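Peer 1:
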Amino acid sequence: MQRRKIGILTGGGDCAGLNPAVKWAVKTALDARLAAERSTQFEVLGIRNGWEGLMYLDPAMPEDPQFVMPLTEERVRTWDRYGGTNLGSSRANPYNPNHDLSGVVLQNIESLGIDSLIVIGGEDTLGVASRLSRAGVGIVGIPKTIDKDLPGTDYTLGFETALNVIVECVDRLRTTAGSHRRVFVVETMGRHAGWLALEGGESSGAYIILIPEYDFSMERVNDLILEGNRSGARYEIVIVAEGAKPAGCAEFVRNSRVDSFGHHTLGGVGDFVASAIEDGTGLETRSMVLSHLQRGGVPCAYDRRMGRYFGIAAADLVMENDFGRMVAYRHGEITAIPIDHALGEPHLVDITTQYDTARYNGRRTILGHRR
Ligand code: F6P
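Counting with this note's numbering, you get residues 655 to 1025 for the letters of the sequence shown.
#1: Does E822 come out as helix, strand or coil in the three-state DSSP assignment?
#2: Is E717 helix, strand or coil by DSSP?
#3: Apart from the five residues on each side of it in sequence, which residues of its chain come closer than 8 Å, Cβ to Cβ, to M942?
#4: Output needed for P1000: all residues of its chain with C-beta closer than 8 Å, excluding positions within five of it in sequence on either side, in chain order.
#5: So what does DSSP say about F838, is it helix, strand or coil?
#6: Consider the C-beta atom of S785 and the heavy atoms of the ligand F6P; say whether any pair is separated by less than 7 Å.
#7: What whole-angstrom Cβ distance do L878 and Y1014 have, given they're in contact under 8 Å?
#8: From which residue to which residue does the alpha helix (DSSP H) around P674 run?
#9: Go through its chain and collect everything with a Cβ distance to M625's Cβ below 7 Å, but skip five positions before and after it.
#10: Under three-state DSSP, which class holds Q656?
#11: Quick check: the Cα distance between E905 and M655, rounded to an integer number of angstroms?
#12: Measuring only the C-alpha atoms, how far is R1025 from H946?
#13: What runs of the alpha helix (DSSP H), each 4 residues or longer, lie entirely inside the segment 850 to 910?
#14: To the nearest angstrom, report how far apart G738 and L880 are at their CA atoms.
#15: Could you give the DSSP three-state label for R692: helix, strand or coil?
#16: Judging by CA-CA distance, which residue of T726, D1004, I1005, A887 is the nearest neighbour of I660?
#17: Excluding the five sequence neighbours on either side, which residues of its own chain have a C-beta within less than 6 Å of the C-beta of F915, listed in chain order?
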């Protein structure tokens, strides 16, 4: 029987759905019946804390539990019920131009005896995976990000759970907003993509949804709020994506720091919109930043299922030695695409067909694609 070793890691911002993906990749790889059919016995090694595990592992101590964790069927049995990632994650970048540790990563992959690596991540983590793939590592990717902005796949793990958080929070805010006749501005994550705000706003019935793909006018927002108020609304819910901005303004960033991939932490537009509504309409307004609540909690049914399918599909690719690929969901089917296809232009909301630029909300025609 041939013996092979798979490494698996989760990188970048955590989200719900990572643990189910790890569980099902492991179970598929270790399945005794499949092993007999393939005459190949797989072993799976979890790499801790994203790329950090491979950047800081001492090759002289390849079993160091601080950096790696052998994964057995017994160990991952219950993982699909848990949010976050039991492997840990980080935004560490082996190709950080200020401190390039990609050589160490390659060396550690070899010292661990790993012949293929399943990498669960978004644009940054998969970008590293793609470079390692070009350096000869057998890479298979699994897409995850609550931002849902990776091209080449209609779904990225974590998105639906995050939407459920938005809906639950807005439902809670509605009662207090109604009691006090207030406007509530809710800031969602999503970086430069408006999916969380748009689909979270559509799912929760928000009155106004502001997204990064369409710069808004504060005057128009206030007119809409006053229009709603005149027609008898006791309160309003405004959802604003962290990357949204008024026309002519720069995006709102929390501070001047950037992470090892060069990203700023966005945030602050919710407070800006709330005070501009209060000043412009005279209506009492509060703002709330959902922040990392959107990444927390147990995976919803959809993320458990998609994690399962993506995990199984990733193990399939490893078994077929079909490397340099990312599993994907397209047109209702689980499939695989070249990993580089997920690293092109981000997948953003199409404002001509998916957004109503007059009402700042979801589209009001679906079949006609007209507003
Ligand atoms: O990419 C996922 C995401 O949650 C973004 O929506 C958000 O801007 C960012 O990560 C926050 O990153 P951090 O967890 O490093 O604060």
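Glycine is no exception: its CB is placed at the ideal position from the N, C-alpha and C atoms.
Note that the coordinates shown come from a computational prediction; the quantities given were computed from them, not determined experimentally.
Peer 2: Judging by the given coordinates:
#1: As a first step, residue 822 is located in the sequence shown; it is residue number 168 there, counting from the start. E822: helix per DSSP, three-state reduction.
#2: For the purposes of this step, residue 717 is identified with residue 63 of the sequence shown, where counting begins at 1. Reduced to three states, the DSSP call for E717 is coil.
#3: Indexing the sequence shown from 1 puts residue 942 at position 288. Around M942: C823, L827, F838, V839, V840, E841, G924.
#4: The residue you call residue 1000 lines up with position 346 of the sequence shown. Excluding five sequence positions before and after P1000, the CB atoms of its chain that fall closer than 8 Å to its own CB belong to E777, D803, L804, P805, H846, A847, given in chain order.
#5: For this step, residue 838 is matched to residue 184 along the sequence shown. Looking at F838 - three-state DSSP - the assignment turns out to be strand.
#6: Counted from its first residue, the sequence shown places residue 785 at position 131. For the sequence presented, residue 785 should be read as Arg rather than Ser. Judged by the Cβ position, R785 fails to qualify as a neighbour of the ligand F6P at the 7 Å threshold, every heavy atom of the ligand being at least this far.
#7: The residue you call residue 878 lines up with position 224 of the sequence shown. The residue you call residue 1014 lines up with position 360 of the sequence shown. By a beta-carbon distance limit of 8 Å, L878 contacts Y1014. Their separation comes to about 7 Å.
#8: Here residue 674 corresponds to residue number 20 of the sequence shown, with the count starting at 1. 672 to 684 is the span of the alpha helix (DSSP H), which, as asked, contains P674.
#9: For residue 625 there is no data in the structure shown, the boundaries of the chain being 655 and 1025.
#10: Position 2 of the sequence shown, counting from 1, holds the residue named residue 656. For Q656, the three-state secondary structure derived from DSSP is strand.
#11: As a working mapping, residue 905 is identified with position 251 in the sequence shown. As a working mapping, residue 655 is identified with position 1 in the sequence shown. Rounded to the nearest angstrom, the two C-alpha atoms are 57 Å apart.
#12: Here residue 1025 corresponds to residue number 371 of the sequence shown, with the count starting at 1. Here residue 946 corresponds to residue number 292 of the sequence shown, with the count starting at 1. In this prediction, R1025 has a pLDDT of 48, which is less than 50 and means its spatial position is unreliable; nothing more can be read from the coordinates.
#13: Note on the segment 850 to 910: whole alpha helix (DSSP H) runs with a minimum of 4 residues are 872 to 884, in chain order.
#14: Taking the first residue of the sequence shown as position 1, residue 738 is located at position 84. Taking the first residue of the sequence shown as position 1, residue 880 is located at position 226. One Cα belongs to G738, the other to L880, and the distance between them is close to 41 Å.
#15: Taking the sequence shown and counting its residues from 1, one reaches residue 692 at position 38. DSSP places R692 in helix when its eight states are reduced to three.
#16: Start at 1 with the first residue of the sequence shown, and residue 660 comes out as number 6. For the options T726, D1004, I1005, A887, the alpha carbon positioned closest to that of I660 is the one of T726.
#17: Counting from 1 along the sequence shown, the entry for residue 915 is found at position 261. Leaving aside the five residues that flank F915 on each side, the residues in its chain whose CB is nearer than 6 Å to its CB run, in chain order, N747, D778.
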